[in-house]
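A.B. asks: Starting off with a structure, shown below.
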Amino acid sequence: MKVTNFTAALNLGLISAFWFAPASVAQIEEGTGNMVKMCLFYGSPSGHARTDPIITETDLSDHVHTFYGPLNFHPKTSNDDLRNTSSNLSTSPFVENQSLYWHPSIYEKTRDASPTYTRVSNLETSPYYRWDNSVADTKAFPKDFRMIAYSDQANANQGGESGGNFFTECCNIVNGEEDCTSTFGKVEFPKQNCGFLGMAMSMPTCANGDSDSPDHKSHVAYTLNGEVAGPCPTSHPLRLPQVQLFIRIGNYRGAEVDYVLADERDVFHVDFMNGWQERDGVSVLQNIIDNCPIEDQGNPSYNPPCTCDQFLTQNTAATGAMCDSDVRTLIADEATDIVSQLPRKSSSNTSMIPKSWPDDPSLSCTPTVPENPNEEEEEEEPEDEEPCEGEDCEEEEEPEDEEPEDEEPCEGEDCEEEEEPEDEEPCEGEDCEEEEEPEDEEPCEGEDCEEEEDEPDVGPEEDEVPQPTSCLDSDRKFLFNAKNKQCKWVGKNANVRCAKTADDGQSISSLCPLACATITSCAPSDNSSSFLHPKNGSVKTCAWANSAKKCKRFWVVANCPVSCAPYI
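Numbering (our numbering), first residue to last: -1 to 566.
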């Protein structure tokens, strides 16, 4: 089992429920505990355009779509074009997956006589891949595979995590917990504000062996009961991994504006073009399906822990959305961001611009990953119980303990961990072994002497407490003596604190291997995977974190010690 910083935080129950299971949706038990789930977190769309490479290769589409993956969504884009796109021109978090996913763009509509439509761009998404090893062999998508799934097609209204394969949820943070209200089956944008609005659409898992069909959906089908491990119809006997596209709208303003899909329907649809790469003629996805281990699930459900990233290469060059100016130069010269009416084929004379590049589009504008509008305003909880004051309170570190002077008595929770005074009084008391050796050069005497010289016990054996495969400190707080602590606190007195155990029973050295580097022999390395904002659950990478302002946060430094080194 590969244990990462992300997994450790999950085991502590500290990652936002958004990424794993909607808080208000009753979980449907599927299979027999043999479900595998691979999570691919995208921090940004790759662009927005009135194009659909599945529906038509020779013209613009009926309505605007929002894409995720390669910045290669011209109508003439092929599956090979996707695989050949450079990783620095893709929002995919992993190099081996250059698949393209898209859905109708979402617009905010003002409530006045002459409404203005503003395209929603503060989007994050995760394609979740699921398969169940208790049923017949799951096969990777054919090389040129493509499909469209609709929320109203046969058997889409059953199975999933809600008794159906499409749902919408409005979530707010209440008393530190997510409180979500969900609707199922059709698109219903709530008329209230939400911390975020989640929309999830699961695609069919049964196939007839064809890569496409005239209507782009007849070659696939949902299982007879809509579940991942359910029986496939005899017409579609082959089993595919399920792709569930989860879309997240930050700062949803339903009380102030209306939200509409670009096609103005209440039926949702998701498009998928296979861009998984091959190694030695074998799909990387097939290798993952065949070899990714089943995580210990406890209670079998639709949402087991995320896994399988050990088979993939982190895309450290992942980019943001193609600028609208480049879309208008390379694909279609029409505005889609702020408009007085939704761009539709029936009301537009705009023509498709012929594709002018073989693999990588030539961009004149550098894409940037959008910032979460609420992120900079969030404050982190202080480590102790003293009231927080000052604008940088969340960034302040616990003051380092100084060696006691003369004979002043030791006070405070960390007294036992302070260094021994410089006087020559003999060491007494149960905590003596945790004090540091006096600085004088007198020879060591006494039964406890050898215990002072030895390195402290680092806690349970490696097979008792899973150790991170990379030297990354936990990016979440943990309880020690009923107080919130961080790994930066551990590093201030590592020789003593790394030998201790957190309140939940985990050794501090396993939570903070880099802070405890003198014991664990760790070298600094950035988190090669994506990680989550501890408060709002947004997806981040070390490429995003590379700034002095962001590296003030302890959870950013924990994930990106190398990138943050110049700023701390």
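We put the CB at the ideal spot given by N, CA and C, even for glycine.
(1) Using three-state DSSP, classify residue 80 as helix, strand or coil.
(2) Secondary structure at residue 47, three-state DSSP: helix, strand or coil?
(3) Go ahead and pull the three-state DSSP assignment for residue 567.
(4) Could you name the residues that DSSP lists as bridge partners for residue 101?
(5) Assess, as a yes-or-no matter, whether the stretch 538 to 549 is touched by the stretch 311 to 318 under the definition of 3 or more beta carbon pairs within less than 8 Å.
(6) Around the Cβ of residue 290, are there at least 16 other Cβ atoms within 10 angstroms (buried) or fewer (exposed)?
(7) Tell me whether residue 177 sits in a helix, a strand or coil according to DSSP, three-state version.
(8) If we ignore side chains and look at the alpha-carbon of each, how far apart do residue 252 and residue 188 end up?
(9) Look at residue 575 and residue 71 and say whether their C-beta atoms are less than 8 Å apart.
(10) Go ahead and label residue 67 buried or exposed: buried means 16 or more other beta carbons lie within 10 angstroms of its beta carbon, across all protein chains shown.
(11) State the Cα-Cα distance for the pair residue 511 and residue 469, rounded to the nearest angstrom.
(12) Can you list, in chain order, the stretches of the alpha helix (DSSP H) that have 4 or more residues and sit fully within the stretch 307 to 368?
(13) So is residue 235 buried or exposed if we call it buried at 16+ other beta carbons inside 10 Å?
(14) For residue 224 and residue 183, which I take to be in contact (beta-carbon distance under 8 Å), what is that distance rounded to the nearest angstrom?
(15) Using CA atoms only, rank isn't needed, just tell me which of 500, 473 and 487 is closest to residue 559.
(16) Between residue 260 and residue 102, how many whole angstroms is the CB-CB distance? I'm expecting something under 8 Å.
(17) Once the 5 residues before and after residue 548 are set aside, which same chain residues still bring their CB inside 7 Å of it?
(18) Under 6 Å Cβ to Cβ from residue 149, same chain only, skipping five residues before and after it: list those, please.
(19) Using the beta-carbon count (16 or more within 10 Å), is residue 49 buried or exposed?
(20) Please confirm if the stretch 114 to 122 is in contact with the stretch 333 to 341, defined as three or more CB-CB distances below 8 Å between the two stretches.
(21) For residue 283, does the three-state DSSP call read helix, strand or coil?
(22) Could you give the DSSP three-state label for residue 24: helix, strand or coil?
(23) Restricting to Cα atoms, I'd like to know which of 282, 250 and 303 is closest to residue 169.
(24) Out of 98, 352, 245 and 556, which has the shortest C-alpha to C-alpha gap to residue 484?
(25) When you compare each of 308, 359 and 221 to residue 323 by their alpha carbons, which one comes out closest?
(26) For residue 86, I'd like the list of residues in its chain whose CB is within less than 7 Å of its CB, leaving aside the five on either flank, ordered along the chain.
(27) At which residues does the alpha helix (DSSP H) containing residue 489 begin and terminate?
(28) If you run the structure through DSSP and keep just helix, strand and coil, what is residue 515?
(29) Taking the alpha carbon of residue 120 as the reference point, which residue from 292, 481, 215 and 536 has its own alpha carbon closest?
(30) How is residue 249 classed by DSSP in three states: helix, strand or coil?
(31) In this structure, how does DSSP classify residue 241 when only helix, strand and coil are distinguished?
(32) From the beta carbon of residue 45, is the nearest beta carbon of chain B less than 8 Å away?
(33) Taking the Cβ atom as the reference point for each residue, do residue 94 and residue 232 lie within a distance shorter than 8 Å?
(34) Starting from residue 185, trace the beta strand (DSSP E) both ways and give me its first and last residue.
(35) Going straight from the alpha carbon of residue 172 to that of residue 107, what length do you get?
(36) What is the C-beta distance between residue 492 and residue 520, in whole angstroms, given that I count them as a contact (C-beta under 8 Å)?
C.D. replies: With the structure as the only source:
(1) helix
(2) strand
(3) Limits of the chain in this structure are -1 at one end and 566 at the other, which puts residue 567 out of reach.
(4) 64
(5) The stretch 538 to 549 and the stretch 311 to 318 touch, with three or more beta-carbon pairs separated by less than 8 Å.
(6) Buried is the call here.
(7) strand
(8) 6 Å
(9) Here the chain covers residues -1 to 566 and nothing more, so residue 575 does not appear.
(10) buried
(11) Spanning the two alpha carbons is a distance of roughly 6 Å.
(12) 322 to 328
(13) exposed
(14) Contact between residue 224 and residue 183 is ruled out by a C-beta separation of about 12 Å, above the 8 Å threshold.
(15) Of the listed residues, the one whose Cα sits closest to residue 559 is 473.
(16) 4 Å
(17) 554
(18) 164, 265 and 266
(19) buried
(20) yes
(21) helix
(22) Note that residue 24 scores 38 on pLDDT, short of 50, meaning its location in the model is unreliable; the coordinates nonetheless yield the value given after this. Three-state result, residue 24: coil.
(23) The candidate whose alpha carbon is nearest that of residue 169 is 250.
(24) Closest in alpha carbon position to residue 484, among 98, 352, 245 and 556, is 556.
(25) 359
(26) 315 and 317
(27) 485 to 489
(28) helix
(29) 536
(30) strand
(31) Strand.
(32) No chain B is present in this structure, which holds just one protein chain.
(33) Using a Cβ distance threshold of 8 Å, residue 94 and residue 232 do not count as a contacting pair.
(34) Per DSSP, residue 185 belongs to no beta strand (DSSP E) and is neither H nor E.
(35) 28 Å
(36) With a Cβ gap of about 11 Å, residue 492 and residue 520 do not count as contacting.
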